[in-house]
Each structure stands twice: as structure tokens, then as C-alpha cells.
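Trainee: After the C-alpha cells below, expect a handful of questions from me.
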Amino acid sequence: MSTSALNIAALGPSRWPQAVECACPSILNPRHAAHLRLYASSATARRRFSSPARAREGQRGGGGGLLRAALLGIFGAGTYLLGSLYPPSYISLLYPAPAPPKLDKDSEAGIAHCAEIERRLLTLAAVQKLKASASPATTNSPLQSSTDQASSAAPVQLASGSNPVTEPPMESANPNNTAHYIMSRPYARFPASKALHSLTAGSLRGPGLFATAPLVMSLTPHGAGALGGHEGDAYAFLHLGRSMCGHDGLIHGGLLATVLDETLARTAFFSLPHHVGVTARLEVDYRAPVKADQFVVVRTEKVESKGRKCTVQGSIQSLDGQILVQAKAIFVEPRMAKFLDNSLVKQAMDTDGEAAKAPLITPVVVEKA
6 MSTSALNIAA LGPSRWPQAV ECACPSILNP RHAAHLRLYA SSATARRRFS
56 SPARAREGQR GGGGGLLRAA LLGIFGAGTY LLGSLYPPSY ISLLYPAPAP
106 PKLDKDSEAG IAHCAEIERR LLTLAAVQKL KASASPATTN SPLQSSTDQA
156 SSAAPVQLAS GSNPVTEPPM ESANPNNTAH YIMSRPYARF PASKALHSLT
206 AGSLRGPGLF ATAPLVMSLT PHGAGALGGH EGDAYAFLHL GRSMCGHDGL
256 IHGGLLATVL DETLARTAFF SLPHHVGVTA RLEVDYRAPV KADQFVVVRT
306 EKVESKGRKC TVQGSIQSLD GQILVQAKAI FVEPRMAKFL DNSLVKQAMD
356 TDGEAAKAPL ITPVVVEKA
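Now the structure itself:
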């Protein structure tokens, strides 16, 4: 390389165009000079952007990265804490909280547990709403004055299209009103000798299981006339204990089918000639997981009845009205039913509501030592 070329290279890219024009004016045409000026300007820009100021910006950027990492860590820890305190529903379904062992039904703690479930059952808002649903009884007696007839013409009942489980009835202060529903307690009067070998009346009764007898609100003939439906259509309230699970924390599907079978049968018995029958067909559709240790309501209604056959449909719902399980069943009365003593069935189902007139469980007071 010649001395002049070395001198030009030492000047730096920004001064190459002028130096080349001075050193080699004969070989540098205008096009080459333009390209050389463009290269020189881009080289100067690259050098400017790699100045110490850019290095300082890089240092500031490193500090910002640490700040972002710290904020992300705080956010992650907060999210984990909230998820632990208030886990999403699907997490609680897959990984339920550990539960203590089932209490002995004869222990003081077990008796107190059952008494508390009974107290909560009787004070459910849905039960109180159904008990308050009533309307004046219609009559054609000539002894009733026209004024009395006018005052009792409009029934006091549930709002049109409402669900008694989730919406309150329009209550009346008239003491002469006739209730739309009768309250009963199935298996409350069932003989102890029979309950020993009964699945729902004995084997599954106790703390963590069925802590107390179901509470059934059945539509009366007067209620059926005022609200629609059929006598025996019902709302059955019961508590599903923690120890009746398939998957941990979720009630066993077979148990839910058993609950539906018995509650649907009770409604069918009202329409069968001798008020007794057997299950001929039961179809069950499971709509959502049913969590353990909660109150549910079983809603039943007659679809049709003909002779010795009755079709009933129903559903298990949460107290806020969510449908969990649906079912439809056909019940048939045996041909020899007229020769059978059905008093035990009536006693078990408490169709006359006698068991509901007395408390089932006396609260236990545990004396402190």
C-alpha cells in the first residue's frame, strides 16, 4: 500500500471523500465520490451511537431489568397467596381441603353435630318461604257472606313463574288461609328394628352421612289448585355429609341416584291406587359435580299416571337454584298391592306429616368440666 493510501486511511472515514479527491482527482468520478460520501456519513453515525452516552443508557437499562424482575416476583407471590386463600372452583374440586374423620353418632360431639344440622335445616330460607305459601280456601257455602267471598277471591300465592326455592311467596296475614304445602319428615317414625337394615334410614344415618331426616314440603290439593301441579309434587331438603363421597369432596353418583329414586317414588305413591310401587325405570343425567357437606333440594313433579303406572321427573338443585342432577322414573304398583299392608310405607314416607309435628333431635348441652 502506498504512503498516500495509508495517510488517507488514517484520517478516518468522515474525511475520506475530501482526501481522495485531493490525492486522486483523475480516478474519482462523481458517482464514486457520492458512494464514498454516503459510506462516510453512515460510519460517523455508527460511531456517534456507540458513544459513552449509549453505554450509560445500557447501564440504566440493566437497573430497569432488575426492577421489572422484582415487580414480577412480588406479583407472582401475591397471586399464589390469593390462590391459596381463595382457590378457583376447579382447583377445590380436584384438590379438596382435608376433612377430619367421621364422628361417632353416639358420642356427644356426634349428637351435637346432628342437632346443629337439624337446626340449620329447619331455618333454611327456602323452607320458611314454602311454609308461608298459603291462600284462602274457596267455598260455595251459603253461610259465607258476599263480603267474605270477595275478600278471599284472589289467592295469596307465589309470583307467576317464580321458583319457591329461590323467591319468596307473597305472604298473607289472614289466619284463615290454607297452606299450599304440608311438611313431613320421611323415616322419622320408621321402626328402629327396620332401620337397622335400611340403607337410607339406618346404614347411612349419622354424622358425616345423612345427619338428620329429610324435610319434605309436598303440594296439597289446595296448593295444586292455587299454584298448579299435582298433589304430592314436592321439594325435599336434605344435607349431604362429607363421608358419602366417590372422588374426595364430591358426593358419589350412585348415592345421588338413590336419593332421586326415593324422592321420586314418594311423589308417585300419591297417584298410585294403593299408594305403593316399585321402580321400573330410572334415568339419571348428571349435570354438575355435587360437593359434599352442603344442603340440597330435590324437586319432584308428576308427569302422568295411568292405572298402576306413574311417571315422575325431578332434579337435585343447590340452594341457589343450580341444577346438579336430573332424573325421570317410572313406578309400577304390584298386582298384589291390594293385599299388602302399606302402613309401613306410609309411616316411612310420613305422607300425613305427623312426624313433622314434633322435634326430631333434642339439642344436647355439653357440660364443661
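Our numbering puts the first residue of the sequence shown at 6, with every later residue one more than the last. Virtual Cβ for every residue (Gly too), placed ideally from N, Cα, C. Note that the structure is predicted; figures quoted are calculated from it, not measured.
(1) Among all the DSSP beta bridges, which residues are the ones paired with Thr-225?
(2) Please give the ranges of any alpha helix (DSSP H) in the stretch 187-268, keeping only runs that are unbroken, at least 4 residues long and fully inside the region.
(3) For the alpha helix (DSSP H) containing Ala-130, list its first residue and its last residue.
(4) Answer yes or no: do Pro-219 and Ala-200 have a C-beta to C-beta separation smaller than 7 Å?
(5) Between which two residues does the alpha helix (DSSP H) containing Leu-126 stretch?
(6) Pull up the CB-CB distance for Phe-215 and Gly-246, whole angstroms please, since I reckon it's below 8 Å.
(7) What residue does the beta strand (DSSP E) around Gln-327 start on, and which one ends it?
(8) Where Asp-111 and His-118 are concerned, what is the direct C-alpha to C-alpha distance, given to the nearest angstrom?
(9) Does the stretch 267-281 come close enough to the stretch 123-133 that 3 or more CB-CB pairs lie under 8 Å?
(10) Since Leu-265 and Tyr-186 should fall inside the 8 Å C-beta cutoff, what is the C-beta to C-beta distance between them, to a whole number of angstroms?
(11) Just to confirm the assignment, what range does the beta strand (DSSP E) spanning Phe-344 have?
(12) Between Leu-77 and Tyr-85, what straight-line distance do the alpha-carbon atoms span, to the nearest angstrom?
(13) The ligand GTP and Gly-115: does the residue's C-beta get closer than 6 Å to at least one heavy atom of that ligand?
(14) Could you say if the stretch 332-345 and the stretch 314-322 meet the contact criterion of at least three C-beta pairs nearer than 8 Å?
(15) Under 7 Å between the Cβ atoms of Ser-223 and Gly-237?
(16) Out of curiosity, what's the CA-to-CA distance linking Ala-270 and Leu-287?
(17) What residues in its chain sit with their C-beta under 6 Å from that of Ala-285, if we drop five residues either side in the sequence?
(18) Is the beta carbon of Ala-142 closer than 7 Å to that of Thr-183?
(19) Reducing DSSP to helix, strand and coil, say where Phe-275 ends up.
(20) Helix, strand or coil for Val-281 per DSSP?
(21) Going by the beta-carbon positions, is the gap between Val-295 and Leu-329 smaller than 7 Å?
(22) Please work out which residues of its chain come closer than 6 Å, Cβ to Cβ, to Asp-109, disregarding the five sequence neighbours upstream and downstream, and give them in chain order.
(23) As a quick exercise: from Gly-233, Arg-313, Ala-262 and Met-249, pick the residue whose alpha carbon is nearest that of Phe-274.
(24) Would DSSP call Ala-293 helix, strand or coil?
Mentor: Taking the structure as given:
(1) Bridge partners of Thr-225: none, in fact.
(2) 197-200 and 226-232
(3) 130-137
(4) no
(5) 113-127
(6) 7 Å
(7) Note, Gln-327: premise wrong, no beta strand (DSSP E); not H, not E.
(8) 11 Å
(9) no
(10) Wrong, their Cβ atoms sit about 20 Å apart, outside the cutoff.
(11) Where Phe-344 is concerned, there is no enclosing beta strand (DSSP E), given that its DSSP letter is neither H nor E.
(12) 12 Å
(13) You won't find the ligand GTP in this model; it holds no ligand whatsoever.
(14) yes
(15) yes
(16) 10 Å
(17) Ile-335 and Val-337
(18) yes
(19) coil
(20) coil
(21) yes
(22) Gly-115
(23) Arg-313
(24) coil
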